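Residue 435 in the working numbering sits at position 435 of the sequence shown; the count goes up by one each step and never skips.
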Amino acid sequence: MTLDRATMEAVHKLRPAKSKPRPSKQALTASTDPRALPNQLDWGEIRLLPTLSLKPAHKNARTHAKKQIKQVANSILQFGWTYPILADEDRIICGHARWEAAKQLGLKEVPVLMMRGLSDAEKRALALADNKIPANAGWDRKLLAEELGELASLLPDCDLSIDITGFEPAEIDGLMLDFGNSEHDSADASCTLGEQPISHRGELWQLGAHRVLCGDACDHNDWARLMGSDRARMLIADGPYNVQISKTLGRGKIKHREFAVASGEMSPVEFTDFLTRWMRLAAQFSHDGSLHFAFVDWRHIGEMHNAGHAVFGPLQNLVVWNKTNGGQGSFYRSQHELIFVYKNGDGPHLNNVELGRHGRNRSNVWTYAGVNTFRQDRLDDLTVHPTVKPVALIADAIKDCTRRGDLVLDPFLGSGTTLLAAEHVGRRAYGLEIDPLYVDVAIRRWQDVTKRDAILVATGQTFDEVTAARSGPESST
1 MTLDRATMEA VHKLRPAKSK PRPSKQALTA STDPRALPNQ LDWGEIRLLP TLSLKPAHKN
61 ARTHAKKQIK QVANSILQFG WTYPILADED RIICGHARWE AAKQLGLKEV PVLMMRGLSD
121 AEKRALALAD NKIPANAGWD RKLLAEELGE LASLLPDCDL SIDITGFEPA EIDGLMLDFG
181 NSEHDSADAS CTLGEQPISH RGELWQLGAH RVLCGDACDH NDWARLMGSD RARMLIADGP
241 YNVQISKTLG RGKIKHREFA VASGEMSPVE FTDFLTRWMR LAAQFSHDGS LHFAFVDWRH
301 IGEMHNAGHA VFGPLQNLVV WNKTNGGQGS FYRSQHELIF VYKNGDGPHL NNVELGRHGR
361 NRSNVWTYAG VNTFRQDRLD DLTVHPTVKP VALIADAIKD CTRRGDLVLD PFLGSGTTLL
421 AAEHVGRRAY GLEIDPLYVD VAIRRWQDVT KRDAILVATG QTFDEVTAAR SGPESST
């Protein structure tokens, strides 16, 4: 980092004459001149001193975690020195965190505002007041939520993360939940599955900040088209379980079409190979340290474990989705699904739970209603997709390990639940879906919730315009 020495020298030249003896309190009440304040400060005397020449206060009661020092260092790198260290000769009075950050950054010099004439007691009192008085302030939480929400959209254009504000991701999510835009709260939008697809294989759709490609999770070219140079911070995969839908979910009054792949036709070896192929691609297009969540049922634990271990190594955790009621079954009715959690690479993953520090008290047992809960809207969901997940379940998982604006990847988008969850919590979602009919459903659900148009990237047409063009009498589809 380069400090602006010319600016510092200009400020130094502007300082007024030495301050005079302290005036009475009565005189202060009639004056607005800051130079009349009771100290012996050389106004404007900001010096660039060698960083290592400074010494900490004899009794510095303020503690600074390594994480906070890194935050201060990042702020200095981005915004420069917004205010200097306060010192008396070579000993710091206020600004120990800035000093530690400067050392961490390897800065040879730091700006120091020299303070003279204070007694030892006054310096110690100032050190405490400088830290405690700002901590006594509060927040207008509604305005804060608005500001953070706007910055979450604006800062990526400056190549900045919302982290630069010092707020933790879980704090921001909590604020947005309390005061943010609630129009997407009922995000479990249902949509009818069409008879003829509007979307075509290979087409890329832009849905606000999100993308959807009608493509294959095992095809590298499709991944490359969807992702470009972007990389995911989290992956949620609710792929087919290699179970024949008609034999497991179609015995009631609701019938479903089979999945395009892995719908019971694969041997255990073939299914393991299928899982391994898409997992390797997911790892390639994700950040180091990203977390990957993969749903599976109890029948295929072995294949999922073998594939996941080959790609990612040991499990990060195993989550149980505990449903509020059991499904079909002749012996024990299955009331849970499993979610294998892996970490990609060696980098640290983001932890927004932190043992409930910011109110996110989460374990590896997640209790959410299943789609076969006896409510009409849940049954409507089941008519669209046989294994649709609750938006709240996916949204909570996203909040556990990502920041606002981060990219969440879903290689088996299905009816678009990940899209709605990401929209709801201020993340971006990129999804692959091989079945054009489900691409249509995902787009329609997103449009119903957001009241915005999905755009076909190749032509710039809206989904409704494409629908009208392809549904006309001259359409071949």
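Note that the Cβ used here is the ideal one computed from N, Cα and C, for glycine as well. All of these numbers come straight from a predicted model, not from anything done at the bench.
Legend entry - In DSSP terms, what H292 is bridged to: L235 and Y342
Inset, instruction - Output yes or no for whether 8 Å exceeds the beta carbon distance between W481 and Y368. - result: Only positions 1 to 477 of the chain appear in the structure, and residue 481 is not among them; the question remains open.
Legend entry - C-alpha distance - N136 paired with V72, whole-angstrom precision: 20 Å
Inset, instruction - Spatial neighbours of R62 within its chain, please: CB distance less than 6 Å, with the 5 preceding and 5 following residues excluded, ordered by chain position. - result: N131
Legend entry - Cross-strand partners of P50 (DSSP beta bridge): E109
Legend entry - Under 8 Å between C-beta atoms of V439 and V212: Going by C-beta atoms, V439 is nearer than 8 Å to V212.
Inset, instruction - Would you kindly check if the distance between the Cβ of A57 and the Cβ of R98 is under 8 Å? - result: no
Inset, instruction - Could you tell me the boundaries of the beta strand (DSSP E) in which G431 lies? - result: R428 to L432
Legend entry - Cβ-Cβ distance between I69 and A101 below 8 Å: yes
Inset, instruction - Would you kindly check if the distance between the Cβ of W223 and the Cβ of L281 is under 8 Å? - result: yes
Legend entry - Integer-rounded CB distance, given that G289 should sit under 8 Å from G370: So it is not a contact: roughly 32 Å between Cβ atoms.
Legend entry - Local conformation of E45 per DSSP, three classes: DSSP, reduced to helix, strand and coil, places E45 outside both helices and strands of the structure shown, so it counts as coil.
Legend entry - Residue range of the unbroken alpha helix (DSSP H) whose run includes Y438: P436 to T450
Legend entry - Beta bridge counterpart(s) of N317 as assigned by DSSP: Beta bridge pairing from DSSP links N317 with V341.
Legend entry - DSSP three-state assignment for W139, whether helix, strand or coil: coil
Inset, instruction - Pick helix, strand or coil for N351, following the three-state DSSP scheme. - result: coil
Inset, instruction - Pick helix, strand or coil for R201, following the three-state DSSP scheme. - result: coil
Legend entry - Buried/exposed call for G308, threshold 16 Cβ in 10 Å: buried
Legend entry - N- and C-terminal bounds of the alpha helix (DSSP H) containing R211: Where R211 is concerned, there is no enclosing alpha helix (DSSP H), although the beta strand (DSSP E) it sits in stretches over H210 to L213.
Legend entry - Length of the line joining the Cα atoms of A310 and L113: 57 Å
Legend entry - Status (buried if at least 16 other CB within 10 Å, exposed otherwise) for C158: exposed
Legend entry - Cβ contact (3+ pairs, closer than 8 Å) linking the stretch 393–408 and the stretch 226–237: yes
Inset, instruction - Indicate whether A422 and H200 have their beta-carbon atoms separated by less than 8 Å. - result: no
Inset, instruction - For G326, collect the residues of the same chain with a Cβ closer than 6 Å to its Cβ; drop the 5 residues on either side in sequence, then sort them by chain order. - result: R333 and Q335
Inset, instruction - Determine the closest residue to K123 out of L456, W139 and E89, with distance taken between C-alpha atoms. - result: E89
Legend entry - Residue closest to K55, alpha-carbon to alpha-carbon, out of K67, L456, H287 and C94: C94
Legend entry - Where the beta strand (DSSP E) containing T479 begins and where it ends: An answer regarding residue 479 cannot be provided, because it is not within the stretch 1 to 477 covered by the chain.
Inset, instruction - Could you give the DSSP three-state label for S286: helix, strand or coil? - result: S286: strand per DSSP, three-state reduction.
Legend entry - Boundaries of the beta strand (DSSP E) in which C94 is found, first to last residue: Where C94 is concerned, the enclosing beta strand (DSSP E) stretches over R91 to C94.
Inset, instruction - Ignore the nearest five residues each way along the sequence and tell me which others in Q206's own chain have a CB closer than 6 Å to its CB. - result: Around Q206: I455 and V457.
Legend entry - Rounded separation between D230 and R470 - CA only: 31 Å
Legend entry - For S363 and T272, the rounded distance between their alpha carbons: C-alpha separation (whole angstroms): 28 Å.
Legend entry - As assigned by DSSP and simplified to three states, the class of H336: In the structure shown, H336 sits in a strand (DSSP, three-state: E or B).
Legend entry - Test item: CB-CB of G202 and C214 under 8 Å: yes
Legend entry - Residues bridged to D88 (per DSSP): Paired residues: R91.
Inset, instruction - Determine the closest residue to K399 out of G117, G359 and L118, with distance taken between C-alpha atoms. - result: G359
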